[in-house]
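Protein chains: 2
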Amino acid sequence: MNANPKSESFADFPDDAPAPSQTHSSFAGRLLRRLLSSFGNPPVEFILWSGEHVAPDSGSAATIKVRIHDRATLLRVLRDPQVQFGEAYSSGRVEVEGDLIQLIELIYRGMPAQPAANSLRHRLVNWFRRSQRNTLAGSRRNIHHHYDIGNEFYALWLGETMAYTCAYYPTADASLEQAQIAKMDHVCRKLQLKPGDSVVEAGCGWGSLALHMASRYGARVRAFNISGEQVAYARERARQQQLDDRVEFIQDDYRNISGHYDVFASVGMLEHVGRENYAELGRVVRRSLGASGRGLIHSIGRNHPGLLHPWITRRIFPGAYAPSLAEMMQIFEPSGLSVLDVENIRLHYALTLRHWLDRYRVAEDRVRKMFDDTFVRMWRLYLAGSVAGFETGTLQLFQVLFTTRENNHIPLTRQYQYSA
Amino acid sequence: MNANPKSESFADFPDDAPAPSQTHSSFAGRLLRRLLSSFGNPPVEFILWSGEHVAPDSGSAATIKVRIHDRATLLRVLRDPQVQFGEAYSSGRVEVEGDLIQLIELIYRGMPAQPAANSLRHRLVNWFRRSQRNTLAGSRRNIHHHYDIGNEFYALWLGETMAYTCAYYPTADASLEQAQIAKMDHVCRKLQLKPGDSVVEAGCGWGSLALHMASRYGARVRAFNISGEQVAYARERARQQQLDDRVEFIQDDYRNISGHYDVFASVGMLEHVGRENYAELGRVVRRSLGASGRGLIHSIGRNHPGLLHPWITRRIFPGAYAPSLAEMMQIFEPSGLSVLDVENIRLHYALTLRHWLDRYRVAEDRVRKMFDDTFVRMWRLYLAGSVAGFETGTLQLFQVLFTTRENNHIPLTRQYQYSA
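Listed in order, the protein sequences are those of chains R and S.
If you're matching positions, the first sequence starts at 0 in numbering that gives the first Met the number 0 and goes up one per residue.
If you're matching positions, the second sequence starts at 0 in numbering that gives the first Met the number 0 and goes up one per residue.
Okay, structure coming up:
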């Protein structure tokens, strides 16, 4: 945390006298009211440490209440809202009553667009984040940070598929489990997976897709992952389902994939690859596939290049990046791969995350026992913020289906993806 | 034409004595045999001006015969095959018996990849082609060159829809007319076109899509095109079909589009826009669409950046360029547009072009009366070469469906595109 409440730029920020009435507002109160006004007076009310209430000018009743517990916290959040709101929320110094997702969406919709990916700021941030770079060792550190914190924790809210990626909702009222299975089927159908196909999977999570490909489609799968906790869990599942003769889980980096396969699949790994490694990923894909090979990469993306939210890369996903489609093409274009089909299913991730968040909130007492109160709030904010990211279009979800340049054995239409 | 048979590099090229027997081959014959060998000895036989036959070493019977009528032509083609093969074929100094498409595919498959789009060569070529640049005036010249050569000529082989873009074959045995109508329906379905929608079309050809949108979907369409011949034809069709109250054809550049619309559509214009204008096209699209606007751009593309075949941009499509997907994203990413769906239907263009070529060959005598023998051969080569381009994956065909960044009224799945 780099905010300093004694810093020059806030030296003239006066001590607030208690101001219980809204009509006699403090300097902080006036500042926050102006902030509300610049956001179009959303139904948000601030409650300050002094007891002062700051409501929007519009006079409409606020459905979201934001309690700010001390002046230093307000200063920090005003100076660096992107990082410090998350820090303050996690520590409990800012509390939100009402719809947290709606609050974050109001902020996203009211904020200016992200800086361009190659802006000076962007490059500086990248330089400061060099410790998060996705070298072989850096990737292990980054992945360990998020995915090795305990399978029991994830089991509390991911549901029985243990799939930690965007699900696919044939209809909006599908259950999380139905939608995760539908996602796996959607991926397998796009890939025209058939009995005997050999598949290499890059970044396999707890193994749900690899096991699904083997059990439902008769494929043989080699699945790579550098998270030790996930690989151990996935291997145990393979044994229990008696699929360990057809599905091999390998604790290694995608860069070390060897051999030839009919199919390459990667669902939710690209976010951790780093733009500087896209061309190498493309070479790995190309050398893994024969002349009629096909593949699918599923990843969080963006409408235009830009960094992920800085609080997310600080606290939740170190080293992560969500590419624009143009950036994603740097996997395929230099490597003799041909893109057949791109589908953007961002609203499905909003639905998925809402299901996860609902289950997470029910399990918060158990999460608190596993970790602490800060952790509970941090992950609640991460899940709610992610819903808001996908609902506001700040984030996208791209599924890119591709084949080798020379392959003409491709379906004429996409009807095959939609047949029962 | 810049080839000079007396140039230094060929000064040592000897006069060939007639060599009727294959066993005593001339220098030219040995050179061509080595060429065949480097292409893996395809079933191609050369017949030289001297009567000498040059067959592949493999001994398999050649199904394609290439007659070369004089030594100077061979020299020119060997020095600059990309441009000079087309020139020699058009002038009749090289003749091909057998499958012309197959011959070109052999060449494409045997050739090294195109130079990268930003290579020195690429930049030099762009500099030399500055006369073809797509400024407002340059675009008019470029479009006039191709599209204003006579509606009667195009009517000979485009079929009654007069659609001069990739069709969509629900099954490979669909007729050209069925496939062109299916393409228009595929585009309208993707756009969820409904009665009363206002559409702006950029680059409308002879008006088939605009008229289809009005007559079958009840849309109101303003369609832009800078080809005077095409606009005149389209207006006449609108009158005949009594759609001129709902479809307006405007002879103007897409850059001059004004007004607000529910839908933006552009099928087969992007090839003529020029990469330097993609960001401007994106701004035109963005300012034309309201918050829930949607659009589709359909264009020839490539797997990776590269120039079109130089003979094509010299003789057929001055100023044309087929972008890679990453390049195409420069329309959408800077402009607050969100890509929902990309479909690559390159094999459909190969089918479409085969249908066009079949009809063209039947009509060649009539084309000869309209133009001359050189024109007949030039356009035959262009159509056959285009089939080869799409069949070998040298060319792609992308349909990109998009909406505004803020629009959440998007279908959850693509099932709607495949319902009857």
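Note that beta-carbon positions come from the ideal geometry of N, C-alpha and C, so glycine has one too.
Item, Value
"Could you confirm whether any beta carbon from chain R is found closer than 8 Å to the beta carbon of L105(S)?", "no"
"May I have a chain-ordered list of the beta strand (DSSP E) segments no shorter than 3 residues that lie completely inside the segment 315-355 of chain R?", "336-343"
"Could you tell me whether the segment 218-232 of chain S touches the segment 242-249 of chain S, where touching means 3 or more Cβ pairs closer than 8 Å?", "yes"
"Buried or exposed, going by whether 16 or more other CB atoms sit within 10 Å of the CB of S20(R)?", "Bear in mind that a pLDDT of 46 at S20(R), under 50, signals an unreliable position, so the number given afterwards is only what the model happens to contain. Counting Cβ neighbours within 10 Å, S20(R) comes out exposed, since fewer than 16 surround it."
"When the distance is taken between beta carbons, is I63(R) closer than 8 Å to L346(S)?", "no"
"Are there 16 or more other CB atoms within 10 angstroms of the CB of Q398(R), so buried, or fewer, so exposed?", "buried"
"Please identify the residue among A171(S), Y107(S), S287(S) whose C-alpha is closest to the C-alpha of G335(S).", "S287(S)"
"Using the rule of at least 16 other Cβ atoms within 10 Å of the residue's Cβ for burial, across every protein chain shown, is P322(S) buried or exposed?", "buried"
"Comparing C-alpha positions only, which one of V272(R), F389(R), V361(R), A362(R) sits nearest to A136(R)?", "V272(R)"
"Restricting to Cα atoms, I'd like to know which of R139(S), L47(S), V53(S) is closest to S36(S).", "V53(S)"
"By Cβ distance below 6 Å, which residues in the same chain neighbour A201(S) in space, the five residues on each side in sequence not counted?", "F223, Y253, S265, M268"
"Output yes or no for whether 8 Å exceeds the beta carbon distance between H303(S) and E332(R).", "yes"
"Just reading off the beta strand (DSSP E) that R92(R) is part of, what are its end residues?", "Careful: R92(R) lies outside any beta strand (DSSP E) and carries neither H nor E."
"Do you know how far the Cα of T72(R) is from the Cα of R66(R)?", "11 Å"
"For R234(S), does the three-state DSSP call read helix, strand or coil?", "helix"
"From P42(R) to V366(R), what distance separates their C-alpha atoms?", "31 Å"
"Pick out the complete beta strand (DSSP E) segments inside the segment 37-93 of chain S, 3 residues or longer, and give them in chain order.", "43-46, 63-67"
"So, is the C-beta of A387(R) closer than 8 Å to a C-beta in chain S?", "no"
"Going along chain R in order, which residues have a C-beta closer than 9 Å to the C-beta of E275(S)?", "Per Cβ cutoff of 9 Å: no residues; E275(S) is ~16 Å from chain R at best."
"Mind reading off the beta-carbon distance from D147(R) to G204(R)? Whole number of angstroms is fine, and I expect it under 8 Å.", "Incorrect: roughly 12 Å between the Cβ atoms, too far for contact."
"Rounded to a whole number of angstroms, what is the C-alpha to C-alpha distance between A10(R) and V76(R)?", "Caution applies to A10(R), whose pLDDT of 39 falls short of 50 and renders its modelled position unreliable; the model cannot decide the point."
"Using beta-carbon positions only, say whether R236(R) and L210(R) come within less than 8 Å of one another.", "yes"
"Name the DSSP beta bridge partners of F263(S), please?", "V199(S), G294(S)"
"How do the segment 310-326 of chain S and the segment 294-302 of chain S stand: do at least 3 beta-carbon pairs fall below 8 Å, yes or no?", "yes"
"For N141(R), which three-state DSSP category applies?", "helix"
"If you drop the 5 nearest sequence neighbours on each side, which residues of the same chain put their C-beta closer than 6 Å to that of K182(S)?", "A166, Y167"
"Excluding sequence positions up to five away, which residues of its chain have a Cβ less than 7 Å from the Cβ of N276(R)?", "N133"
"For a cutoff of 8 Å on Cβ pairs, would you count Q414(R) as touching chain S?", "yes"
"For A166(S), name the three-state secondary structure that DSSP assigns.", "coil"
"In chain order, what residues of the same chain lie with their CB nearer than 7 Å to the CB of I256(R), ignoring the 5 residues before and after it?", "V199, A201, F223, V283, S287"
"Looking only at DSSP bridge pairs, what is I409(R) linked to?", "Answer is none; I409(R) lacks a bridge partner."
"Could you pull out every residue in the same chain whose Cβ sits closer than 6 Å to the Cβ of Y348(R), ignoring the five residues on either side in sequence?", "C165, F389, L396"
"Consider the Cβ of R404(R): report whether some Cβ of chain S lies at a distance smaller than 8 Å.", "yes"
"Would you mind giving the Cβ-Cβ distance between Y107(R) and L380(R), rounded to the nearest angstrom? I have them listed as a contact below 8 Å.", "Not a contact, Cβ separation roughly 14 Å."
"Could you check which residue in G149(S), Y216(S), E270(S), P169(S) has the C-alpha nearest to that of Q229(S)?", "G149(S)"
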